[in-house]
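Heads up, the thing below is written out as structure tokens.
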Amino acid sequence: MKTLYVQGDTWLHRLSPGLKLGGLAVFSLLLFVTASPVVLAAAVFLAGAIHASMCFGVARTWQQLRVILLSISILTVFTLLLNGPADALAVFLRLVALAVLAATITATTSTAEFIDTITAGARPLERIGLVKAADLGLAIGLVVRFVPEVLARYEAIRDAHHARGLKQRPLTLAVPLIIQTLRHADEIAAAIDARGIRGQNNRKLGEGS
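Our numbering applies: residue 140 is where the sequence shown begins, and numbers increase by one.
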């Protein structure tokens, strides 16, 4: 599997995964309790400055954010049509700030660290019988690992259509993408069950991230 993680030794790489995820959670909450364009623009600037300090490069940043930015743009247009420019601007700034900071955290936190941190955080819920902490950590880790995998599959299908001179329609791209993704997910699930990973220490999933 591909990974969104970028090897490095920056200050954010060295920061505790728990602090990074906790900071992202607090940042997200603060974004959604204000609609001030000035405050939200400052949040975008802060998230952008943190991301820029990692020196990932423009090409990699665009590759990582292009799909989510397209989704944000579509949502902004719908908000503009339904609720007006003020709400649309707030939605755009809020989601861009969140997307950029989340992308930065993801790029500087390995899958193993995600799994370990989420598993540890879910232990209190496990004690009262709400969840299995190890399984929750594994699920989140798989989601993080599947994002670049799905994007790569989409690009491969799109390029195949282009090479054959086929017109690219959402349905003709989505159907093979869904089938391939479900097939791969089934293979991953079978491998997990065969190795007895669920319910145990899931750190090995993220090795090499």
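Don't be surprised by glycine CBs; every beta carbon is placed ideally from N, CA and C. Model, not experiment: these values are computed from the prediction.
Neighbour-count burial assignment, residue i, 16 or more Cβ in a 10 Å radius
i	result
PRO176	exposed
ASP298	exposed
VAL314	exposed
HIS301	exposed
SER348	At SER348, the pLDDT of 49 sits below 50, so the modelled position is not reliable and the matter cannot be decided from this model.
GLN307	exposed
ASP255	buried
ALA186	buried
GLY276	buried
LEU220	exposed
PHE217	exposed
GLU252	buried
ALA273	buried
Beta-carbon separation (whole angstroms), residue i vs residue j, contact threshold 8 Å
i	j	result
ILE110	ILE279	Within the shown structure, residues of the chain are numbered from 140 to 348, placing residue 110 beyond reach of any answer.
ILE189	LEU240	7 Å
ALA227	THR215	5 Å
ALA242	LEU204	6 Å
LEU170	LEU237	6 Å
VAL289	THR311	The pair is not a contact, with the Cβ atoms about 17 Å apart (cut-off 8 Å).
Bounding residues of the alpha helix (DSSP H) (the contiguous stretch that carries residue i)
i	result
SER192	176-192
VAL239	224-246
LYS271	Taken as a continuous stretch (DSSP letters only), LYS271 belongs to no alpha helix (DSSP H), as it is neither H nor E.
LYS159	156-170
ILE254	250-266
LEU151	150-153
(message) Taking 8 Å as the cut-off, does the stretch 219-237 touch the stretch 167-182 (at least 3 CB pairs, one atom from each stretch)?
(response) Touching, yes, given that three or more Cβ pairs across the two stretches are closer than 8 Å.
(request) Take every Cβ of the stretch 260-279, pair it with every Cβ of the stretch 210-229, and state whether three or more of those distances are shorter than 8 Å. (result) No, the stretch 260-279 does not touch the stretch 210-229.
(message) With a threshold of 8 Å, are at least 3 pairs of Cβ atoms found where one atom belongs to the stretch 247-254 and the other to the stretch 154-173?
(response) Yes, they touch.
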